[in-house]
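Input: a single structure, listed below in structure tokens.
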Amino acid sequence: MITCRVYRDGVLHEEGVDPERVSEHLERADALVWLDVENPTDADIELCQKEFGLHEEAVRDVRERHQRTKVDLYETYFLIVAYGVSGGPENLVEHEMHIFSGANYLLTFRFDPLFDLKNVLRRWDSQPEIVRYGGSGLLYVLLDEIVDSYFPVIDAFEEKAEDLEDDVFAEDVRPELPEELFRIKKGLVEFRRLVVPLRDVLDFLEEERGIIVEGIRPYFRDIYDNVYRALEFVDNTRETMTAALAAYQSAVGNQMNLIMKKLTAWAAILLVPTLIAGIYGMNFHHMPELHWLYGYPFALGLMFVASFLLYRMFKRRDWL
Amino acid sequence: MITCRVYRDGVLHEEGVDPERVSEHLERADALVWLDVENPTDADIELCQKEFGLHEEAVRDVRERHQRTKVDLYETYFLIVAYGVSGGPENLVEHEMHIFSGANYLLTFRFDPLFDLKNVLRRWDSQPEIVRYGGSGLLYVLLDEIVDSYFPVIDAFEEKAEDLEDDVFAEDVRPELPEELFRIKKGLVEFRRLVVPLRDVLDFLEEERGIIVEGIRPYFRDIYDNVYRALEFVDNTRETMTAALAAYQSAVGNQMNLIMKKLTAWAAILLVPTLIAGIYGMNFHHMPELHWLYGYPFALGLMFVASFLLYRMFKRRDWL
Amino acid sequence: MITCRVYRDGVLHEEGVDPERVSEHLERADALVWLDVENPTDADIELCQKEFGLHEEAVRDVRERHQRTKVDLYETYFLIVAYGVSGGPENLVEHEMHIFSGANYLLTFRFDPLFDLKNVLRRWDSQPEIVRYGGSGLLYVLLDEIVDSYFPVIDAFEEKAEDLEDDVFAEDVRPELPEELFRIKKGLVEFRRLVVPLRDVLDFLEEERGIIVEGIRPYFRDIYDNVYRALEFVDNTRETMTAALAAYQSAVGNQMNLIMKKLTAWAAILLVPTLIAGIYGMNFHHMPELHWLYGYPFALGLMFVASFLLYRMFKRRDWL
Amino acid sequence: MITCRVYRDGVLHEEGVDPERVSEHLERADALVWLDVENPTDADIELCQKEFGLHEEAVRDVRERHQRTKVDLYETYFLIVAYGVSGGPENLVEHEMHIFSGANYLLTFRFDPLFDLKNVLRRWDSQPEIVRYGGSGLLYVLLDEIVDSYFPVIDAFEEKAEDLEDDVFAEDVRPELPEELFRIKKGLVEFRRLVVPLRDVLDFLEEERGIIVEGIRPYFRDIYDNVYRALEFVDNTRETMTAALAAYQSAVGNQMNLIMKKLTAWAAILLVPTLIAGIYGMNFHHMPELHWLYGYPFALGLMFVASFLLYRMFKRRDWL
Amino acid sequence: MITCRVYRDGVLHEEGVDPERVSEHLERADALVWLDVENPTDADIELCQKEFGLHEEAVRDVRERHQRTKVDLYETYFLIVAYGVSGGPENLVEHEMHIFSGANYLLTFRFDPLFDLKNVLRRWDSQPEIVRYGGSGLLYVLLDEIVDSYFPVIDAFEEKAEDLEDDVFAEDVRPELPEELFRIKKGLVEFRRLVVPLRDVLDFLEEERGIIVEGIRPYFRDIYDNVYRALEFVDNTRETMTAALAAYQSAVGNQMNLIMKKLTAWAAILLVPTLIAGIYGMNFHHMPELHWLYGYPFALGLMFVASFLLYRMFKRRDWL
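So the protein lines, in turn, are chains V, R, A, S and G. Under this note's numbering, the first residue of the first sequence is numbered 17, with each subsequent residue one higher. Under this note's numbering, the first residue of the second sequence is numbered 17, with each subsequent residue one higher. Under this note's numbering, the first residue of the third sequence is numbered 17, with each subsequent residue one higher. Under this note's numbering, the first residue of the fourth sequence is numbered 17, with each subsequent residue one higher. Under this note's numbering, the first residue of the fifth sequence is numbered 17, with each subsequent residue one higher.
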């Protein structure tokens, strides 16, 4: 599905432009064209290549999908591949977009699951001061929304991470914890794979002169800050989760010691009276105690006293 | 709440200036204006933007709060976001500040919990030789106090870290230790997140010519040294805490061995006499010992001797 | 075995050229020569050295084989050593190639196991627009196919890695898992050794002016992206496998706790009735229970009740 | 305590110069002044600041002590903070020095515990060829002695590290080892904190033109080599100690397996005859063995044979 | 012991030259002098310093020995310290050499254990095309042989590493493995210490113009490749050994679980019949089974059945 809009002087001039006549609009210096293709077919791509005059290799990336986040510089335009994100640690969803940014146009290819452009359109239509910067202006708003899509995901990660931290040090060790710590770390690795190259992309756009319009630079810096914050979060959380797993392992070791101590203590408490019973179960003819009137209660008492003393000793040493 | 002061020739000239008339003061070449806003409202921000002529993006940062530590360079001024710190490993408190530094003014936005400026004001009022450097001079004192706020926090971390180290190798393994080691490491990660970008900020101020007044450079270098020391501390302590956790894990493993040895030893010491008792509890008709006059004491003696020999053996091998 | 082809104007002009007359073709400006040697003998190498005028050191690399991935720049040509890959985590196969690339020739030495050039030839014969770039054009297609050979291998690694992840957290801990995690990590280290220097090679070809023909640069960038993606995969998978082993270790520790708990619980459940039996096996003359009519069922009942209560207690505490 | 000496033409000219008249000597082009202050009082510092014309910030460092190793460049001189070292892994002692180096003077502030200058003085008095290089010459000898003080410390670390390594793999696992490995690692972290910035300081002195006299450069390179060697040692030892702790943990795990095997084996060896005794302790009326003449020896024999067979089996499987 | 040879036009001209007359030869533009000193005495060093005009600091390195691998640039010559290697993981032997390389001489100091120059001499005498490059030519052959000495050592490491890998996952865990893995890692750290700076040395020789003769550059690049390969091997093996130790620890943990399962299973299998025996050993007057004719076989059967059922259950659950 192709959508096409033309802005003039920062304001929406025409919606639903015929994509086959885009090149006519592009010729007007004061026009700013945005063309969006959802899940492009080969025909769509060919049409765009013709209308915008795109390089064969750039178009091949669109055809193949699944590109890594990057910026490729061509003579009069550049191609950015970027990913919006939604979901959370268990179900991270990536929204691939290929964005061609020229002086007076922005060409976007979006792939399923589609990144939602509602906010982008709303901001384009209401911020003429930014749209006036031309292609760079449109690009800024789009990238800003893409990066803003990171933060709900980060919040979901953060919440999950904090839940796990609490569980690590809970009384009773949850055996599923290693798996959950692993899953969140894996999710962070995936997320990081999308974000790290975007930092380089933004760095490149900001550093290299003549790529984005001068006046819009502070706005891009703001996106850069957000990407940087996202990365900082990812790296700190990864480190924290690693530390949590290490602490969990120690907690497991500790718990094993506690169990072993209990085992040892109870074994002693049960084996000592068993030994006493064994002794008075011996069949010697001459065992004076056996003939005592209170021999039996004496033996039971002996067992009880021995067990109780052991119990108290273990209790005192914190083995029980 | 807005506070405004004007210095002239390094000396306090007027306190409680009307913020709406700041721009008049700014026009005087020999005036140095400091304006501080606590928890700025939208109206406060708008006022400042008008009076000081601030860029839209810079002001957006103030509105949004929760920025990362950074420096953003604008044409005639720069914006520094920095965090004072208080509390300790368990309750690290961050005091966010947005600082606009121009040639002859310093504009500070402080957010709850407010960073205390008492010392800053005292130094401004008593060090004319520094205030004479203009905006850079005021900024130096402010940043110096911000960085000085790190060291009581570092001391608290250090104390806690040393307590934990002692506990790691104490006789009886404390089961809460992994959690405490984890908490201190997490606190260090948070602290580090505030300090690392500040080092880059100071590096930038020092390296880039024409940002701070030339003569004040050695003073900024001193702040840089302090930030560097803070980071050194954070990194060394993180490493030490990681090593402590590893050592703790070994200690837990060692203790388990000790417990297992004890278990094994006591099991043997109890099971051998139980076996003897079992033997003399057999019902064979022809068991000569059973008829001995001293059969019973003999059996008890046998049990005692066997247990004692085992006990001595285990003792000698250090299993008990 | 030597194969030689001559292209003119991007189109195949002659197949099965006599290798001894290659230098004649090389003199024609419009000719593009490809010469391929499978498992070169000393005679083959000497012939090529003479025909193409190769440096002694470059030729020595061919003789010795087992070179690392690299690019060596000589005056009018450069030598690339690169490895195609096939197989998977358990049986990674490396296909060594030495590639001399001149302005109008490509000289390839292939070693057993031979890298299959079928696709390369098909693309050369069908993409005159690329072959027209001369030696750089041929080289592009060849390197592109070499890098494309990485992805089936990566898929095999990915599949294996995902299987292992599932196994790590399966109910019953597979004891072979550490070995398999180790094997896959070792495979990744080997694979990485081939790919990392190739990134540097492509970086060098792209950055350094005057090595590859200008117009083909975007094509090489595409290969670079693929190599980068391959490395990203390798690094992320290595990290994930390390995390999986750590999680596995925790799972093993957890399982040991479960076993110990079971051992402790069953020992108690069996030892308590054993003690009771021991008590009623004592030979005291005065043990009223022994004379009860229902003493025996009473004792059995006591045993059963004690065991049952213990069982319920352990069950409730999740020790069983 | 202040000491002051004047050299002329590489040779000691006057000892015990009055510090208040240092500025007179400094005016003579051919004089080389060394002034040393032990534990400077405020008066001492003020005197030096006046005589040598030092910057306020530089002097503030001296007042505050506890600076990190660094070099600060001022207009006509530079300040180096460096630490001599003595003691060993358990008792690392740091000797703080602040060194001002000008064209024709060296001003040293030493703090308790004082770094011993005996060797420095001896070398100054006996190496006129170096002292002729002026302030740089004196500085070279001083830094050389400071760095030389690292090596006895390194030797102490090395000896301790080697002892620990041997202990890690000794027959009987020493439970104090994790603590000792931790202590040595902590000592290395501390030592490293002193040495790393010194490498940067020396790098700076060597790289930056016009700071040290040209001809003395090869001498400084030699100090740099020594610092580099010290760092190499620290980093390698840290890595080795980490590896040793990991190996120790495996050794502990191994030992636990051995203990568990022994426990299992001995439990079986004792429980089987106990069971036999239990069987012949049953009170069935019809148990033919009980009536055998040699029933008792038979039962004992049975017990012995069963235990012996188990013993042999466990021995053969290396469980005992 | 001093050896001295003079080459002219790439060919050996005179052997056994009197070292005291070396400076005469050095004056001839077409002469190429090689002088070698084994375990130099102070007199030897002094002689060389005089004949070749060496700097005091350079000579001090020779006197002190035990320098780190490095290159020091002097005005007309440079000093390389490099180490040949022999032996293997358990007995790594380092052969220290100090090499002074001038335009028309090579001066080598070798220390015990001496690096064998047989191959170097053979190649000098048979490769006039290289020796014609002068001092750089001689140096190339020497460094090439030094680096070639790495590969037998690497092979020994590789063989040992592969043996250890097999052992890690062998049926029965070898308790010496952690020590052996530690030893090989320590050996790699030592080896790496020698090789890393050599890479920098070769990088420096290749990058810096005017140090080695232009035409010999490709030959040095070849040595660089070999050093790079050696480092790659060291780093990959270190990583692999670390992964092997981690896998070993998991294997130890697994084995412990197996042992614990066996212990639990056998304890149950023995304790259940013991309990039955205990029951029938009770002395109640009214125990019907005791009077049964087949009570005894019944009890034995009960024991056997219970044990057998337990055995089968544990076997099925893979606990035995």
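We put the beta carbon where it would ideally sit given N, CA and C, even for glycine. None of the values given here were measured: they were computed from a predicted structure.
The continuous alpha helix (DSSP H) containing G:VAL157 extends over residues 151-164. With respect to the 8 angstroms criterion, R:ASN299 and S:TYR296 are classified as neighbours on the basis of their beta carbons. G:GLU161 sits buried, since 16 or more C-beta atoms from the chains shown fall within 10 Å of its C-beta. Taking the Cβ atoms as the reference, S:LEU221 lies roughly 6 angstroms from S:PHE236, within the contact range of under 8 angstroms. Proximity to V:ILE115 across V:VAL22, V:LEU154 and V:LYS134 peaks at V:LEU154, based on C-alpha coordinates. Judged by their CB atoms, V:GLU248 and R:ARG215 are not nearer to each other than the 8 angstroms cut-off. R:ARG333 is classed as exposed because its beta carbon has fewer than 16 other beta carbons within 10 Å across all chains shown. DSSP places G:ILE227 outside any beta strand (DSSP E), giving it a letter other than H or E.
For G:HIS114, no alpha helix (DSSP H) encloses it; the enclosing beta strand (DSSP E) starts and ends at 109-118.
As DSSP reads the structure, A:PHE125 sits in a beta bridge with A:VAL53 and A:HIS114.
Within its own chain, the residues whose Cβ lies closer than 7 angstroms to the Cβ of S:VAL212, once the five positions on either side in sequence are excluded, are LEU247, listed in chain order. For the pair V:GLY118 and V:GLY151, the CB atoms are nearer than the 8 angstroms cut-off.
Sixteen is the threshold: when 16 or more other Cβ atoms of the shown chains lie within 10 Å of the Cβ of V:THR280, as they do, the residue is buried. Within the same chain, Cβ atoms closer than 6 angstroms to the Cβ of A:PRO144 are found at GLY26 and VAL27, the five residues on either side in sequence being excluded. Here G:PRO313 is exposed. Its C-beta has fewer than 16 other C-beta atoms within 10 Å. Taking a C-beta distance under 8 angstroms as the contact criterion, R:VAL217 and R:LYS134 do not qualify as a contact pair. Only exposed fits R:THR92, as fewer than 16 other CB atoms lie within 10 angstroms of its CB. Not a single C-beta of chain V is nearer than 8 angstroms to the C-beta of A:ARG209. Neighbours of V:HIS302 in chain A, taken as residues at a C-beta separation under 8 angstroms, are lacking, since the least C-beta distance is about 12 angstroms.
The three-state reading of DSSP puts R:GLU30 in strand, counting E and B together.
From the listed residues G:TYR244, G:VAL53 and G:GLN271, the smallest Cα separation to G:PHE127 is found for G:VAL53. Taken in chain order, the members of the segment 275-289 of chain G whose beta-carbon sits within less than 8 angstroms of a beta-carbon on chain A are MET276, LYS277, LEU279, THR280, ALA283, ALA284, LEU287 and VAL288.
Within chain G, the residues MET298, PHE300, HIS301, HIS302 and MET303 have their CB atoms less than 9 angstroms from the CB of A:GLY311, given in chain order. Out of A:GLU230, A:VAL321, A:ASN273 and A:ASP179, the CA that lies nearest to the CA of V:TYR90 is found in A:GLU230. Using beta-carbon distances, R:ARG225 does not count as an interface residue toward chain S, since no partner is under 8 angstroms. At a cut-off of 8 angstroms, the C-beta of G:ARG84 has a neighbouring C-beta in chain S. The beta-carbon of V:GLY269 is placed less than 8 angstroms from the nearest beta-carbon of chain A. In the three-state DSSP reduction, G:LEU286 falls in the helix class (H, G or I).
At least one CB of chain R lies nearer than 8 angstroms to the CB of V:ILE295. Closer than 8 angstroms to the CB of G:TYR264 there is at least one CB belonging to chain S. Two segments are said to touch when three or more pairs of C-beta atoms, one from each, lie closer than 8 angstroms; by this definition the segment 175-183 of chain A does not touch the segment 55-68 of chain A. By the beta-carbon neighbour count (other beta carbons within 10 angstroms, threshold 16), R:PHE324 is exposed.
Contact between A:GLU110 and A:LEU210 holds: CB atoms are separated by about 7 angstroms, below the 8 angstroms threshold. Note that the C-beta distance between V:ARG24 and V:GLU31 is not below 8 angstroms.
Among the CB atoms of chain R, one or more fall inside 8 angstroms of the CB of V:PRO234. Excluding the 5 residues flanking it on each side, G:ARG190 has same chain C-beta neighbours closer than 8 angstroms at ASP183, in chain order.
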